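Q: The opening position of the sequence shown corresponds to residue 263 in the working numbering, with each subsequent residue numbered one higher.
Positions of the beta carbon are idealized from the N, C-alpha and C atoms, including for glycine.
Bear in mind the structure is a predicted one, so any value in this text is a computation, not a measurement.
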Amino acid sequence: MSNFKQAPHKLLVIPGPIEVHDSVLLANATPGTSHVSPAFVPVFGDCIRMLRKVLYAEKTGQPFLIAGSGTMGWDAAGANLIEAGDNAIVVDHGYFGAAFADCLETYGAKVTKITAPVGGIVSDEDLVAALKSQKVKLITITHVDTSTGVLAPAAHYSKLIKEHSPDTLIALDAVCSVASEEIRFDDWGLDIVISATQKGLGVPPGLSVVMASARALETLQNRKTPVPSYYINWNRWLPIMRAYEEGSAKYFATPPVQLIYALQVALKAITEESPSLEERFALHKKVSNHVKDELAKLGCGFVPLSRDIAANGMSAVKYPEGVSAAILPKLAALDVVVAGGLHKDIASTYFRVGHMGVTVTDASRGDIQKVLDAVKTVVTETKSA
Ligand SMILES: Cc1ncc(COP(=O)(O)O)c(C=O)c1O
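1. Going by CA-CA distance only, name the one from Y492, H605, V465 that's closest to G223.
2. Terminal residues of the continuous alpha helix (DSSP H) containing M576?
3. Who are the Cβ neighbours of L560 in its own chain at under 7 angstroms, not counting the five residues just before and after it?
4. So, for S577: in the same chain, excluding its five sequence neighbours on each side, which residues have a beta-carbon less than 8 angstroms away from its beta-carbon?
5. Assuming the contact rule is C-beta atoms closer than 8 angstroms, G230 and D407 should be a hit. Round their C-beta distance to whole Å, please.
6. Specify which residues have a beta carbon nearer than 5 angstroms to any heavy atom of ligand 1, listing them in chain order.
7. With burial defined as no fewer than 16 other Cβ atoms inside 10 Å of the residue's Cβ, what is the status of G602: buried or exposed?
8. How about V390 and I376: are their beta carbons less than 7 angstroms apart?
9. Can you tell which of S475, T404, L525 has its C-alpha closest to the C-alpha of T459?
10. Give me the DSSP bridge partner(s) of R614.
11. Does the separation of the CB atoms of A341 and S491 fall below 7 angstroms?
12. How about the segment 344-353 and the segment 323-331: do they share at least three Cβ pairs that are nearer than 8 angstroms?
13. Within the continuous alpha helix (DSSP H) that includes I310, where are the two ends?
14. Just grab the DSSP bridge partners of G563 for me.
15. Tell me whether G648 is buried or exposed, calling it buried when 16 or more other Cβ atoms sit within 10 Å of its Cβ.
16. Is the beta carbon of V620 sitting closer than 7 angstroms to the one on V465?
17. State buried or exposed for G294, treating a residue as buried only when at least 16 other CB atoms are found within 10 Å of its CB.
18. For A392, which residues of its own chain have a beta-carbon under 7 angstroms away from its beta-carbon, when the five flanking residues on both sides are left out?
19. So, are the CB atoms of P566 and A329 less than 7 angstroms apart?
20. For a test of the three-state rule: what should DSSP assign to P501, helix, strand or coil?
21. Going along the chain, which unbroken runs of the beta strand (DSSP E) with 3 or more residues stay wholly within the segment 395-422?
22. Buried or exposed: K267, going by 16 or more other Cβ atoms within 10 Å of its Cβ?
23. In the DSSP assignment, the alpha helix (DSSP H) including A339 goes from what residue to what residue?
24. Measuring CA to CA, which of I589, V471, L274, L452 is closest to L313?
25. Which value, in whole angstroms, describes the spacing of the CA atoms of A416 and I403?
26. On the CB-based measure, 16 or more other CB atoms within 10 Å of its CB, does P501 come out buried or exposed?
27. For Q231, report the span of its alpha helix (DSSP H) as first-last.
28. Please name the residue in L545, G359, D597 whose C-alpha comes closest to that of S442.
29. Compare the Cα-Cα distances from W336 to each of K421, K461, M473, H297 and report the closest residue.
The structure is reproduced here in structure tokens:
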């Protein structure tokens with residue numbers, strides 16, 4: 263056991279990046295190591311295997327771990343799965359859904375956006391009607407739209423899509439849901455799950471985390487036109503991922519070695535330590551309900567229109583009467599860093615709090631109480647001023 267301790271700092275409870283455990287930060291400080299060294303190869307292989315566990319993707323999932331951020335996963339979907347003129351549907355629950363649509367259009371997709379009212383979700387009727395009106399190559403669902411805190415019923419939507427348009431590839435943007443919400447890649451029949459390291463996985467930013475199905479890889483093989491990207495072309499990365507998983511190194515572009523050491527430590531904690539994966543999801547739900555109940559007592563409302571479509575890893579919190587974004591610097595002065603509103607229609611009316619990763623799984627840190635106490639203090643002071 264090392265006695266490394268990170269520097270004292272303000273508590274980071276935005277909906278990602280999040281607080282990072284000392285052991286993960288220490289692994290990120292691994293000395294200079296060759297990306298093809300025998301020491302590093304099994305570390306990369308481990309990460310690939312453990313990602314399958316986190317996403318319940320043991321049957322057909324092919325992980326891609328590539329330097330980049332969550333956004334690069336959108337590019338991976340666009341470049342590898344879309345050919346110019348293909349129809350795509352975007353289930354739009356906020357800023358991130360709409361931005362994914364822009365990304366797919368960059369690759370020539372004809373995108374139909376189904377936009378939910380702010381804080382709501384797309385109805386089954388609208389989803390089915392859109393699927394039936396055209397031959398759809400790809401549909402995207404943002405599991406948690408970080409701008410609204412809305413949790414999409416991803417399993418339910420996937421079932422509907424399988425029923426009404428079985429050939430359509432299903433993309434789940436899980437940047438703000440991996441490791442805080444249950445995702446069953448195999449059972450739900452997902453084709454691409456897109457994430458990143460800096461949220462539920464509890465690792466510094468810098469790695470794009472993608473899972474692709476056998477069907478997605480077949481789609482890539484059957485393209486009529488070349489992949490319109492050099493760096494995120496899966497044909498270049500597939501041999502690399504397979505080599506590392508099989509215990510040898512292969513080069514296309516240098517992986518972020520230290521981040522992969524850090525990811526290994528985080529994934530081991532998630533897949534092998536207490537709480538178990540199932541318990542982790544239940545704990546996020548329990549803590550989320552507690553946070554939302556306590557904030558409601560202070561007069562706060564929430565952007566999601568009902569609790570059953572509210573994310574468990576974050577809350578999009580409406581300011582109580584008489585309170586505004588002016589409380590955010592006051593919270594920071596109490597060492598609690600939350601995020602402002604992001605959805606352009608309502609940005610000034612709400613703020614966002616993350617409750618993911620160690621903040622949730624390690625109660626001894628006292629993070630949740632610290633956040634609730636700070637919000638209570640500044641809201642009470644503001645109201646009585
Ligand atoms: C749901 C969602 N998708 C995509 C992204 C983009 O990820 P990144 O900022 O890592 O590029 C974010 C970032 O917050 C997100 O919350």
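A: A quick look at the data gives this:
1. Since the displayed the chain opens at 263 and closes at 647, residue 223 lies outside it and no answer follows.
2. DSSP places M576 in no alpha helix (DSSP H) but in the uninterrupted beta strand (DSSP E) bounded by 576-580.
3. Here the set comprises P582, V637, K638, V641.
4. Excluding positions up to five away in sequence, the list reads G411, S550, V553, K554, L557, F564, R614, V615, H617.
5. Outside the displayed range of the chain (263 to 647) lies residue 230, so it cannot be described from this structure.
6. Per the CB criterion, closer than 5 angstroms to any heavy atom of ligand 1, the qualifying residues run in chain order as S331, G332, T333, F358, T408, D435, V437, C438, A458.
7. Exposed: under 16 other Cβ atoms inside 10 Å.
8. No; because the gap between Cβ atoms is not below 7 angstroms, this pair is not in contact.
9. Out of S475, T404, L525, L525 has the C-alpha closest to the C-alpha of T459.
10. The beta-bridge partner set that DSSP reports for R614 consists of A578, A601.
11. Here A341 is near S491, since their CB atoms are less than 7 angstroms apart.
12. In short, these stretches do not touch, since the Cβ pair count stays below three.
13. Its alpha helix (DSSP H) spans residues 303-316.
14. Answer is K580, bridged to G563.
15. Limits of the chain in this structure are 263 at one end and 647 at the other, which puts residue 648 out of reach.
16. V465 is positioned such that its CB atom lies no closer than 7 angstroms to that of V620.
17. Around the beta-carbon of G294, fewer than 16 other beta-carbon atoms lie within 10 Å, marking it exposed.
18. Spatial neighbours of A392 in its own chain (CB-CB distance under 7 angstroms, excluding positions within 5 residues in sequence) are listed in chain order as I351, T374, I376.
19. The answer is no: Cβ separation not under 7 angstroms.
20. Reduced to three states, the DSSP call for P501 is helix.
21. Contiguous beta strand (DSSP E) elements confined to the segment 395-422 occur at 400-404, taking only those with 3 or more residues.
22. The residue is exposed, with fewer than 16 neighbouring Cβ atoms inside 10 Å.
23. Here the alpha helix (DSSP H) through A339 covers 332-343.
24. Of I589, V471, L274, L452, the residue nearest in Cα terms is V471.
25. Using only the alpha carbons, I get a separation of about 7 angstroms.
26. Looking at its Cβ environment, which holds fewer than 16 other Cβ atoms inside 10 Å, P501 is exposed.
27. One cannot answer for residue 231 here, as it falls past the ends of the chain, which runs 263 to 647.
28. Answer by Cα proximity: L545.
29. Nearest Cα to W336 within the set K421, K461, M473, H297: M473.
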